[in-house]
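Some notes on the structure that comes next.
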Amino acid sequence: MKSPSLTALAAVLALSTPALAEKLTPERIFADPALSGPTAKGVALSPDGKRVTYLKAKPEAANVQDLWAADVKGGEPYRLIDSAALSSGAKELSEAEKARRERARVSARGIVEYSWDKQGRFVLVPLDGDLYLDSVADGKVTRLTQTPGDEVDAKVSPKGGYVSYVRDQNLYIKPLSGGAETALTTEGKDALSFGTAEFVVQEELDRFTGYWWSPDESRIVYTRVDESTVDIVPRADIGPRGATVVEQRYPRAGRPNAVVELYVRDLASGQIRKLDLGANQDIYLARVDWSADGKTVYAQRLSRDQKTLDLIAFDAATGAGKTILSDTDPHWVEARDDFTPLKDGTFLWSSEKDGNNHLYRHAADGKLIAQLTKGDWPVSALEGVDEARKVAIFTASMDTPLERRLYEVSYAKPGRPKALTPAGGWWSAKVAASGGAFAGTYEDPKTPPQTALYDNAGKRVRWIEENRLAEGHPYWPYASTLPVPEYGTLKASDGETLHYEILKPQGFDPAKKYPAILAVYGGPHAQQVKRNWQSPSERTYLEAGYVIFRVDNRGSGNRSAKFMRALDRNLGTVEVEDQLLGAKFLAGLPYVDAGKMGVMGWSYGGFMTLMLMTADNTPFKAGAAGAPPTEWSLYDTAYTERYMGKPDENKAGYAYSDLNTRIDKLKPGSLLLLHGMADDNVIFENSTRLISALQAKAIPFEMALYPGERHSAPRSKTKGLSVLKTHLEFFDRKLKGQ
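Those letters in the sequence shown? Residues -21 to -1, 1 to 717, by mature numbering (1 follows the signal peptide of the UniProt record, and there is no 0).
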């Protein structure tokens, strides 16, 4: 489960703001152009280092993206591929592609992904189920496929000889020099697929592919996924024009998972070898990588209970494998993308074994060489490596969990990390394959996301998307009263520090008392409180006269292993306690009306909303719960078992968090329940069982259902606006009596 839903590079932007800000309406939030301005998404540096590519929304259609590029040496950014020139966008995507996009939380249309070949000669663009290839040399765009089925998870092979893709559950390759496609597998159908990542691995382990090219493109490793053992959960997909029943393979907690096997194929000979993942098939294939020389395949095998992560090294020629490293934890081990094989045969790895996530270097046989980072702070992610200078480049929050910066540290002679970006806000970065240059994106509460190209010392080379908050920016009419959070800390019952943020209403008067809303997610790993750009949609609550409050409870991310594992086997306990602590603090503020407090959240936030509203002596008068898991045994294996174990191993924990057992404590008429009627993640049954229980006890509540919508909160112009206005109208009635 994922959390439903970058710097003034000078010290301060010198702005002359409008004399009087306009009122920001819900209608303007969902109008074009996007209020946060032209932001660059999916940023990548070309392998030759000559240009930067990125996705950018059309000014007239914020939900439709084109592919843009900027030359490193200068000049204005230019549109590389106009999605409208290739597709009308009217094609109905296949169920598989819809599900894949939902797993990746992709709601845009047009060009939503692309990839470079390792030589920097081609850019591959999947668009509405077909494939297009942009030739960098002459700018010519060629359509590669035009088939009834969708080509998904497409890639250009490392040397640019082939394009590969999955269609109708089989893996194909097609030579770019011309010629017919070749099916590398032909047996895929029904519950059997090749080259894919199964639902639960996409949703909970963030692996979205099921095949991997060797560096010299002579071999390809792929998965064989057999879901025949996985329960079929009939799911009603209720849309605006009727309903269909989808026979979804959905592995609920305690039930069987898919059986995944791994194979390597030699393209020249056609020889296929199975890579033995062990006698126990009840495991997760978390990650697969190739060594730099293409001789070794590395597979990360995660145990079903997620307490052991093994790194297995396979000889690509013989298929022989050996476990060279194991990471264990009495609670759970994280599957990360930090494993990086180096050209000298060593590799980089991350682990929380010292209490925080840190980087390590290991020899080819798995022996530890050195710990690269240490301290009472976690590494967010290993972003890249510059092997010429022997440095690892990573993001981390060394000074405060509220800010994130980019750092580098030597892996040859580890020492104190060097900051590559300034403090003050939140950085993300895409590091070049070599040389250490990076595309960095910065944001803070006063700065919408800004993206630029930086050299390996952190010096800005050029803007990619400056997105300066100045006259002409979409947000400019509202900039004089830009809401900036106030930050602070609370102490949890075990002494841990909890960070919070408060947003005050527009035209705030400290002598008045205002209704307040606790905006909650609260689930494992998610971090809400940070110094980043605030969503413009929240300002509508401030315009309506509400105080908005957030607190990151124990279990949330970017903290120590101890902090994040505090809710192990006890979902709905310490995180609820921490949110109630935050609510008590909020109620005690002199400008908050303690009798007019609400709570809202989506997904895990919906679960938390219901837990908080049914807590003893709840301080909340009203709550809006979106797509809530109401009984954890209905949710998927990988997520639920990681935190709760299997249902038969933790009966008390599952029973305590079953919301149907708590509804007697719900204040009549205080609940707004929202859910997408085609949700394939938190299945609609989670809400229907709650609805039935409430009706059986004649407890009044309100409901808003969204035909055709899946798990993420609806974001389209019409339905997104509906969700926002429904929330505002509900809280106006319940908290303000309007």
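Virtual Cβ for every residue (Gly too), placed ideally from N, Cα, C.
Run through DSSP, which three-state label would residue i get?
i, result
"Ala(-12)", "Reliability of the predicted coordinates at Ala(-12) is poor, the pLDDT of 30 falling under 50, and the value obtained from them is presented with this limitation in mind. Reduced to three states, the DSSP call for Ala(-12) is coil."
"Gly394", "coil"
"Gly536", "coil"
"Ser(-17)", "With a pLDDT of 44 at Ser(-17), under the threshold of 50, the predicted position of this residue should be treated as unreliable, and no value is reported."
"Glu362", "strand"
"Gly300", "strand"
"Ile662", "coil"
"Val85", "coil"
"Met307", "One detail in the question is off: residue 307 reads as Thr in this sequence, not Met. Of the three classes helix, strand and coil, the one that applies to Thr307 here is strand, per DSSP."
"Lys253", "strand"
"Leu106", "strand"
"Gly716", "coil"
"Glu610", "coil"
"Leu638", "helix"
"Ser(-6)", "Its pLDDT being 39, under 50, Ser(-6) is placed unreliably in this model, and the value from its coordinates should be taken loosely. Correct three-state label for Ser(-6): coil."
"Arg668", "helix"
"Ser582", "coil"
"Thr697", "helix"
"Pro456", "helix"
"Ala498", "strand"
"Gln674", "helix"
"Asp572", "strand"
"Thr223", "strand"
"Phe9", "coil"
"Ala40", "strand"
"Tyr525", "coil"
"Gly53", "coil"
"Asp711", "helix"
DSSP has residue i in a bridge; who is on the other side?
i, result
"Arg340", "Leu327 and Ala349"
"Gly655", "Tyr685"
"Ser143", "Lys134 and Ile152"
"Arg544", "Paired residue(s): none; Arg544 is not in a bridge."
"Lys704", "DSSP, once it has assigned bridges, lists no residue as partnering Lys704."
"Lys20", "Leu34"
"Ala431", "Gly419 and Trp442"
"Ala320", "One point to set straight first is that residue 320 is Pro, not Ala, in the sequence displayed. Paired residue(s): Phe326."
"Ser516", "According to DSSP, Ser516 bridges with nothing at all."
"Trp406", "Tyr421"
"Trp47", "Tyr33 and Arg58"
"Ala162", "Tyr151"
"Gln279", "Arg266 and Leu290"
With 7 Å set as the bound, which would you pick, yes or no: does the beta-carbon of residue i sit closer than that to a beta-carbon of chain B?
i, result
"Asp11", "Of the protein chains in this structure there is only one, and it is not chain B."
Below 7 Å between beta carbons: does that hold for residue i and residue j?
i, j, result
"Arg518", "Pro462", "yes"
"Arg529", "Gln558", "no"
"Lys77", "Pro26", "no"
"His683", "Leu653", "The residue you asked about is not His; residue 683 is Ala in the sequence shown. Their beta carbons are under 7 Å apart, which means Ala683 touches Leu653 by this criterion."
"Ser516", "Leu707", "no"
"Leu184", "Ala265", "yes"
"Gly699", "Ala540", "no"
"residue 721", "Gly534", "Look at the range of the chain in this structure, -21 to 717, and you will see that residue 721 is not part of it."
Rank the options by C-alpha distance to the C-alpha of residue i and give the top, closest one.
i, options, result
"Asn435", "Tyr466, Gln98 and Thr400", "Thr400"
"Ala192", "Trp269, Gly108, Ser62 and Arg231", "The question names Ala, yet the displayed sequence has Trp at residue 192. Residue Trp269 is the option with its Cα nearest to Trp192."
"Asp659", "Pro686, Arg368 and Val104", "Pro686"
"Asn537", "Gln674, Met377 and Arg439", "Met377"
"Arg510", "Gly467, Ala523, Ser172 and Val499", "Gly467"
"Gly567", "Gly584, Pro598, Trp512 and Gly118", "Pro598"
"Arg122", "Pro105, Val135 and Thr287", "Pro105"
"Val51", "Phe9, Asn259, Leu589 and Arg439", "Arg439"
"Tyr111", "Tyr144, Pro393 and Lys168", "Tyr144"
"Lys301", "Thr640, Glu331, Asp317 and Asp344", "Asp344"
"Trp512", "Gly501, Gly534, Arg280 and Glu480", "Glu480"
"Val115", "Arg100, Asp109, Gly128 and Ala431", "Arg100"
"Asp117", "Ala411, Val102, Thr124 and Gly108", "Val102"
Going by the C-beta, is residue i closer than 6 Å to any heavy atom of the ligand GTP?
i, result
"Tyr421", "Among the components modelled here there is no ligand, and therefore nothing to report on the ligand GTP."
Across the stretch 190 to 206 and the stretch 273 to 284, are there enough close Cβ pairs to call them in contact, namely three or more that are closer than 8 Å? yes
Is there contact here, the stretch 8 to 21 with the stretch 30 to 42, by at least three beta-carbon pairs under 8 Å? The stretch 8 to 21 vs the stretch 30 to 42: in contact.
When the Cβ atoms of the stretch 72 to 92 are set against those of the stretch 684 to 701, are three or more pairs found closer than 8 Å? yes
Cβ pair count under 8 Å reaching 3, the stretch 368 to 386 against the stretch 567 to 578: no
With a threshold of 8 Å, are at least 3 pairs of Cβ atoms found where one atom belongs to the stretch 167 to 175 and the other to the stretch 145 to 153? Touching, per the Cβ criterion.
Validate contact between the stretch 406 to 425 and the stretch 377 to 388 using beta carbons, cut 8 Å, 3 pairs: yes
Counting pairs of Cβ atoms below 8 Å between the stretch 288 to 300 and the stretch 250 to 267, do you hit three or more? yes
At least three beta-carbon pairs within less than 8 Å, the stretch 156 to 164 to the stretch 212 to 228: no
Cβ contact (3+ pairs, closer than 8 Å) linking the stretch 585 to 592 and the stretch 605 to 612: yes
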